[in-house]
Amino acid sequence: MSDTISHVGDADFASAVLDSDLPVLVDFWAEWCGPCKAIAPLLDDVAKAYAGKVRVVKVNIDQNPQTPRQYAVRGIPTLMLFKGGKVAGTQVGLVGKSQLNAFIDKGL
89 MSDTISHVGD ADFASAVLDS DLPVLVDFWA EWCGPCKAIA PLLDDVAKAY AGKVRVVKVN
149 IDQNPQTPRQ YAVRGIPTLM LFKGGKVAGT QVGLVGKSQL NAFIDKGL
């Protein structure tokens, strides 16, 4: 886990994500999820590459069941880009670096 990615839960999701001045990329994940572990290094890269433009946060769906339910997360990893408190884009499943960058760029 890098210091450029923060973990948020049900209790602080609104303040960390919805009230953020910057767009926020949210990774809904779980400890037991193989593809979630595979995408983690890419998210570290994104957090560094987009520093100052996009915040990256992770929500553990096992420890924080309310937020994923609220946003109808059905499979993981699910990446959601929030802009101005609203979902600007959703990407489900493991993607490569170029797809991830294109997803973020499209949402910005």
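Terminal number for the sequence shown in my numbering: 196, no gaps in between.
Backbone N, C-alpha and C define an ideal beta-carbon position, used for all residues, glycine too.
These numbers come from a predicted model, not from an experiment.
Residue i vs residue j beta-carbon contact at 7 Å
i	j	result
leucine 169	alanine 176	yes
leucine 130	valine 144	no
serine 154	aspartate 98	What sits at residue 154 in the sequence shown is glutamine, not serine. Their beta carbons are under 7 Å apart, which means glutamine 154 touches aspartate 98 by this criterion.
leucine 188	valine 142	no
Residues that DSSP places opposite residue i in a beta bridge
i	result
aspartate 115	Lys146, Leu167
glycine 177	Leu169
isoleucine 93	Val144
Beta-carbon contacts of residue i that lie in its chain and below 6 Å, excluding the five residues immediately before and after
i	result
alanine 135	Thr92, Ile93, Val144
aspartate 150	Ala118
proline 156	Phe116, Ile149
Closer than 6 Å: residue i CB and nearest the ligand ZN heavy atom
i	result
arginine 162	With respect to small molecules bound, the structure shown includes none, and the ligand ZN cannot be examined in it.
Sequence-distant residues of its chain with Cβ nearer than 7 Å to residue i (five each side left out)
i	result
aspartate 193	none
lysine 146	Ile93, His95, Asp115, Trp117
alanine 126	Leu182
Residue i classed as buried or exposed, judged by whether at least 16 other C-beta atoms fall within 10 angstroms
i	result
glycine 181	exposed
leucine 106	exposed
methionine 89	Below a pLDDT of 50, predicted positions are generally treated as unreliable, and methionine 89, at 48, falls in that range; the measurement from the model is reported next regardless. Exposed, by the Cβ-count rule.
glutamine 179	buried
glycine 172	exposed
glycine 195	buried
alanine 82	With the chain covering 89 to 196 only, the question about residue 82 has no answer from this structure.
alanine 104	buried
contact_flag[the stretch 117–127, the stretch 146–165] where n(CB pairs < 8 Å) is 3 or more: yes
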